[in-house]
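Those letters in the sequence shown? Residues 69 to 461, by our numbering. Each remark here refers to the structure printed beneath this line.
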Amino acid sequence: MNKRKVLPIVALVILLIFTGITLYFGNDKAQHISYADFYSYVESGAVISANIGKDEVRFYLKGDSIEYSTDNPELDSFKEFLLLNGVNVSSEEGMDEILVTVTDMLFNVIFFGLIIFGVYKFMGYRKNTFKVIRHNNTKFSDVAGLEELKRDMLQAVDILKHPQEYLAKGIRPINGIMLEGNPGNGKTLFARALAGEANVNFIATKATDFQSAIMSIGPAKIKSLFRKARANKPCIVFIDEFDGIGEKRNYSGTGIDKENNRIITAMLNEMDGFTREEGVMVIAATNNYKALDEALVRAGRFDKKYTVPYPDHKTRIELIKIYTKNKKLSQSITIDHIADKFEGLSCSEIETILNEAAMVATSEEREDMTENDLYEGIKRICNVATVRRNKKA
């Protein structure tokens, strides 16, 4: 049975049981009489049996099958009074007390069941949070520009794959590489392409994967991540939005600050624990390098730091070729001309504008994208002020 269907079925069964008990016991009403009448019946010997409950007394009269009830006087001598008058006395719980007991039991079952289910889900979440990508088809040919960075990174990965060869030359593996730059310029794509080019396992994460409303879950996830990376070495671990977990430690004492400090400490311990043959390399991407904790980004942990800039003219030409691979451009415009129009835009903005321009052309039942389509795409995605601002930067 599908695990997702188990919880609703269990909840439905418990609800039906609770409803059935409530209806059964709720309809079990005895005929109520005053205590004075009950007292008279006892003295006259008419009462044959009585059940003393918490709030009421249920009893039967001789020759009568109807169950009666009266208020419990809660007197110390009450039971003795009944026995002296020949009444068979019991102190079993009444139906209301049984209902309360069953309700309490069901509540406890549901409460602890939810706790167990939550722990189970969390453990399952920990196992499934970090996916290992073993067959990565993304290559450097999918990444425009950054030729120098590509060369340096390939050497770093070669050290990761063949540590013994480099150790013989006195070269230790690189533990971490930091990619800094504005969002949308291909840091994540580059890390994925690096893993694909080097043919090593790849785990992609982001800062929010380590954040939780429950204390100490973040550090536990850090340990879980590196445990999985070591089990799948050689492996590249990519952490996006790194400033979300690696900000400078704050000792103000708030719960959030304490949790952040624990995450950083866990990260430091894991990276300090890398051996020379660990087979794990961390690539972190950030938009705000200055905000990172100095102890975390020092040499020996993150050995190299690269800036991923906005694409230059040559890179924009490469990007346009990649993004228009299955699109048709009008003969009136050239790729070089488009590259000029996209000056100051990020890689993701260029891709989105070209996609939007193709949608404009399609909506007008044209196959070719024109310059007006590009302008319309720019107008829809990012206003002219943004383009001008980026040109000045």
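Where a beta carbon is used, it is the ideal one built from N, C-alpha and C, also for glycine. Please read all numbers here as calculations on a predicted model, not as lab measurements.
For residue i, the residue or residues it bridges with in DSSP
| i | result |
| --- | --- |
| G244 | V350 |
| S137 | H100, R126 |
| I271 | V200, V305 |
| L119 | For clarity, residue 119 is Asn in the given sequence; the question names Leu instead. For N119, which the question treats as bridged, DSSP gives the partners R126, S158. |
| E315 | L360 |
| D436 | K396 |
Alpha-carbon spacing of residue i relative to residue j, whole angstroms
| i | j | result |
| --- | --- | --- |
| E309 | G286 | 15 Å |
| R456 | I421 | Here the model assigns R456 a pLDDT of 43, short of 50, so the residue's position is not dependable, and the following value carries that caveat. Spanning the two alpha carbons is a distance of roughly 16 Å. |
| L152 | F146 | 10 Å |
| T206 | G213 | 15 Å |
| V452 | N250 | A caution first: V452 carries a pLDDT of 45, below 50, which makes its placement in the model unreliable, though a value can still be read off. Computed Cα separation, rounded: 19 Å. |
| K326 | C415 | 37 Å |
| A425 | K396 | 11 Å |
| H381 | F294 | 39 Å |
| E435 | A429 | 6 Å |
| K237 | I290 | 32 Å |
| K460 | P379 | Since pLDDT at K460 reaches only 46, below the 50 mark, its modelled position is unreliable, and no value is offered. |
| V177 | T169 | 12 Å |
| D139 | E124 | 4 Å |
| S133 | M173 | 32 Å |
| F410 | M221 | 28 Å |
| E386 | N318 | 43 Å |
| I406 | L262 | 28 Å |
| G445 | R330 | 45 Å |
| P241 | N394 | 40 Å |
| L129 | E135 | 8 Å |
| I403 | E417 | 16 Å |
| M69 | G254 | Low confidence applies to M69: its pLDDT is 49, below 50, so where it sits in the model is not reliable, and the reading given next is rough at best. If you take the alpha carbons of M69 and G254, they lie about 42 Å apart. |
| A353 | I245 | 9 Å |
| A288 | A224 | 28 Å |
| L336 | A299 | 19 Å |
| V200 | K301 | 10 Å |
| G252 | L235 | 37 Å |
| H100 | I183 | 43 Å |
| S431 | A363 | 54 Å |
| F149 | Y107 | 10 Å |
| Q399 | E215 | 30 Å |
Neighbour-count burial assignment, residue i, 16 or more Cβ in a 10 Å radius
| i | result |
| --- | --- |
| E433 | exposed |
| D441 | buried |
| S112 | exposed |
| R202 | exposed |
| A359 | exposed |
| D226 | exposed |
| D49 | Absent from the model: residue 49. The displayed extent of the chain is 69 to 461, so no value can be given. |
| S137 | buried |
| E447 | Correcting the residue identity first, residue 447 is Lys in this sequence and not Glu. Classification for K447: exposed. |
| P141 | exposed |
| D361 | buried |
| Y109 | buried |
| D219 | Residue 219 is actually Arg in this sequence, not Asp. That one is exposed. |
| I449 | buried |
| N243 | buried |
| E265 | buried |
| K296 | buried |
| A367 | exposed |
| F34 | This structure leaves residue 34 out entirely; the chain is present only between 69 and 461. |
| R384 | buried |
| F127 | buried |
| G131 | exposed |
DSSP three-state assignment for residue i, whether helix, strand or coil
| i | result |
| --- | --- |
| R456 | Per-residue confidence for R456 stands at a pLDDT of 43, beneath the threshold of 50, marking its modelled position as unreliable; the derived number appears in the next sentence. Here R456 sits in helix by DSSP. |
| N355 | coil |
| T375 | strand |
| K466 | In the structure as shown, the chain starts at 69 and stops at 461, and residue 466 therefore has no counterpart that could be examined. |
| D408 | helix |
| D105 | helix |
| D494 | Here the chain has residues from 69 to 461 only, and residue 494 is not among them. |
| D325 | helix |
| D210 | helix |
| D220 | helix |
| D277 | helix |
| T402 | coil |
| D132 | coil |
| M69 | Model confidence at M69 stands at a pLDDT of 49, short of 50, so the residue's coordinates are unreliable; what they give is reported in the following sentence. Of the three classes helix, strand and coil, the one that applies to M69 here is coil, per DSSP. |
| G286 | helix |
| D380 | coil |
Say whether the region 150-158 touches the region 118-127, bearing in mind that this needs 3 or more beta-carbon pairs closer than 8 Å, one atom from each stretch. Cβ pair count under 8 Å is three or more, so yes.
Give a yes or no on contact between the region 230-239 and the region 378-396, applying the rule of three or more CB pairs nearer than 8 Å. The region 230-239 vs the region 378-396: no contact.
Touching by the beta-carbon criterion (3+ pairs, under 8 Å), the region 374-381 and the region 263-279: Here the region 374-381 does not lie against the region 263-279, with fewer than 3 beta-carbon pairs under 8 Å apart.
May I ask you to verify whether the region 263-270 touches the region 299-313, counting CB pairs closer than 8 Å and requiring at least 3? With a cut-off of 8 Å, the region 299-313 and the region 263-270 count as touching, because enough Cβ pairs lie within range.
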